[in-house]
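Chemist: Okay, here's the structure, questions in a sec.
Chains as they are written, first to last, in our numbering: chain A, 1151 to 1265; chain B, 111 to 224.
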């Protein structure tokens, strides 16, 4: 079975631009979460979506938004990019709706560089 | 609020030696606990997790961790290090209810010396 897939793998943008990152969960998984991993740090939670609804949001500005589609894939959008948005963006999928017990399976990430 | 502290951003051991990576957490309620490994230019792979039950948890690749509530710790160990264990290791906690939000530590880079 395919794991979590993300696209693109790498991306270069300039300050002020907008970016859209995509994620396809493992087949049968209904929950998708997004994390930002700045170089040298642990991942930080951005969003969780389940059944197309936002179930959790981390401490990120409104420039960050996301959505989940009927097929459970997801997009993360970042507007008005800043240099500090340069990071590895990780998507994780899991089966249940809420609760931290279930394993989150991570994709390989999208590496975003903002110049 | 939950938080995770990993003691030692870099750990270096010899091949065949004991691996010990330390993790302490802070949480108002008993959390779920995880260890993930990240190889260069890759995503995160789950090594093991503790939710309930037995406090000694065995994971993949010979790793294990013990949940010690009194010490709020969840240290990761492996009896004998292998060159392929060289990677970044992250300890994480998750609340038992609400959003599936993993809170990660800063990570520990493990280097294996031949």
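In this text, a Cβ means the ideal position worked out from N, Cα and C, and glycines have one as well.
Enumerated in chain order, which unbroken segments of the beta strand (DSSP E) with a length of 3 residues or greater are wholly contained in the segment 1205-1243 of chain A?
Modeler: For the segment 1205-1243 of chain A, whole beta strand (DSSP E) runs of length 3 or above, ordered along the chain, are 1214-1218, 1224-1228.
Chemist: Counting contacts by CB-CB distance shorter than 9 Å, is residue 1251 of chain A in contact with chain B?
Modeler: Along the first chain, read from residue 1 onward, the residue named residue 1251 of chain A stands at position 101. It does; some Cβ of chain B falls within 9 Å.
Chemist: Using DSSP's beta-bridge definition, name the partner residues of residue 1256 of chain A.
Modeler: Along the first chain, one-based indexing puts residue 1256 of chain A at 106. Paired residues: A:1242.
Chemist: Decide if the segment 189-204 of chain B is in contact with the segment 141-149 of chain B; the criterion is three or more beta carbon pairs, one per stretch, under 8 Å apart.
Modeler: Yes, the segment 189-204 of chain B is in contact with the segment 141-149 of chain B.
Chemist: For the beta strand (DSSP E) containing residue 1167 of chain A, name the first residue and the last one.
Modeler: Counting from one through the first chain, the residue named residue 1167 of chain A turns up at place 17. Unbroken run through residue 1167 of chain A: none, as it is neither H nor E.
Chemist: In chain order, which continuous runs of the beta strand (DSSP E) of length 3 or greater are located wholly inside the segment 151-197 of chain B?
Modeler: Listed in chain order, they are 154-160, 166-168, 174-178, 183-188.
Chemist: Any idea if residue 1181 of chain A is buried or exposed, counting beta-carbon neighbours within 10 angstroms, 16 or more meaning buried?
Modeler: Position 31 of the first chain holds residue 1181 of chain A. Residue 1181 of chain A is buried by the Cβ-count criterion.
Chemist: In this structure, does DSSP put residue 202 of chain B in helix, strand or coil?
Modeler: Working through the second chain from its first residue, we reach residue 202 of chain B at position 92. Three-state DSSP puts residue 202 of chain B in a strand.
Chemist: Cβ of residue 1192 of chain A less than 9 Å from any chain B Cβ?
Modeler: Here residue 1192 of chain A refers to the residue found at position 42 when the first chain is read from its first residue. So, interface residue.
Chemist: What does DSSP give as the partner residue(s) for residue 116 of chain B in the beta ladder?
Modeler: Residue 116 of chain B sits at position 6 when you count from the first residue of the second chain. Its beta-bridge partners are B:133.
Chemist: In angstroms, rounded to a whole number, what distance separates the CA positions of residue 1228 of chain A and residue 1259 of chain A?
Modeler: In the first chain, counting from the first residue as 1, residue 1228 of chain A sits at position 78. In the first chain, counting from the first residue as 1, residue 1259 of chain A sits at position 109. Those two C-alpha atoms are separated by around 15 Å.
Chemist: Alpha carbon to alpha carbon, how far is residue 1208 of chain A from residue 166 of chain B?
Modeler: Indexing the first chain from 1 puts residue 1208 of chain A at position 58. Indexing the second chain from 1 puts residue 166 of chain B at position 56. Spanning the two alpha carbons is a distance of roughly 31 Å.
Chemist: Within the continuous beta strand (DSSP E) that includes residue 1199 of chain A, where are the two ends?
Modeler: Taking the first chain and counting its residues from 1, the one referred to as residue 1199 of chain A is at position 49. Per DSSP, residue 1199 of chain A belongs to the beta strand (DSSP E) from 1194-1200.
Chemist: Using CA coordinates, which residue listed in B:213, B:140, B:111 is at the minimum distance from residue 180 of chain B?
Modeler: As a first step, residue 180 of chain B is located in the second chain; it is residue number 70 there, counting from the start. Considering only alpha carbons, the answer is B:140.
Chemist: Suppose the cutoff is 6 Å on Cβ atoms and the five residues either side in sequence are ignored; what does the same chain contact list for residue 1265 of chain A look like?
Modeler: Here residue 1265 of chain A refers to the residue found at position 115 when the first chain is read from its first residue. Correct list, in chain order: 1164.
Chemist: Which term fits residue 1186 of chain A, buried or exposed, when burial requires 16 or more other beta carbons within 10 angstroms of its beta carbon?
Modeler: Position 36 of the first chain, counted from the start, is the residue given in the question as residue 1186 of chain A. Label assigned to residue 1186 of chain A: buried.
Chemist: Measuring only between beta-carbons, confirm whether residue 206 of chain B sits less than 9 Å from chain A.
Modeler: Sequence index remark: in the second chain, residue 206 of chain B carries index 96 (1-based). Taking Cβ atoms only, chain A reaches closer than 9 Å to residue 206 of chain B, which makes this a yes.
Chemist: Please decide whether residue 1183 of chain A counts as near chain B, where near means a Cβ-Cβ distance under 9 Å.
Modeler: By one-based count along the first chain, residue 1183 of chain A stands at place 33. Chain B contact via Cβ: present.
Chemist: With distances taken Cα to Cα, identify the nearest neighbour of residue 192 of chain B among B:218, B:183, B:177, B:122.
Modeler: Taking the second chain and counting its residues from 1, one reaches residue 192 of chain B at position 82. Closest by alpha carbon: B:122.
Chemist: Just to check my reading of the structure: residue 119 of chain B and residue 182 of chain B have Cβ atoms closer than 8 Å, yes? What is that Cβ distance to the nearest angstrom?
Modeler: As a working note, residue 119 of chain B is residue 9 in the second chain. As a working note, residue 182 of chain B is residue 72 in the second chain. 20 Å between Cβ atoms; not a contact.
Chemist: Under the assumption that residue 1172 of chain A contacts residue 1225 of chain A (Cβ atoms under 8 Å), give the Cβ distance between them as a whole number of angstroms.
Modeler: If you number the first chain from 1, residue 1172 of chain A lands on position 22. If you number the first chain from 1, residue 1225 of chain A lands on position 75. Rounded, the Cβ-Cβ distance is 6 Å, consistent with contact.
Chemist: Note the first and the last residue of the continuous beta strand (DSSP E) segment covering residue 139 of chain B.
Modeler: Position 29 of the second chain, counting from 1, holds the residue named residue 139 of chain B. From DSSP, residue 139 of chain B is part of no beta strand (DSSP E); its letter is neither H nor E.
Chemist: Return the residue from the list A:1221, A:1230, A:1152, A:1234 that minimises the CA-CA distance to residue 1169 of chain A.
Modeler: Counting from 1 along the first chain, the entry for residue 1169 of chain A is found at position 19. Ranking the options by Cα distance to residue 1169 of chain A, first place goes to A:1230.
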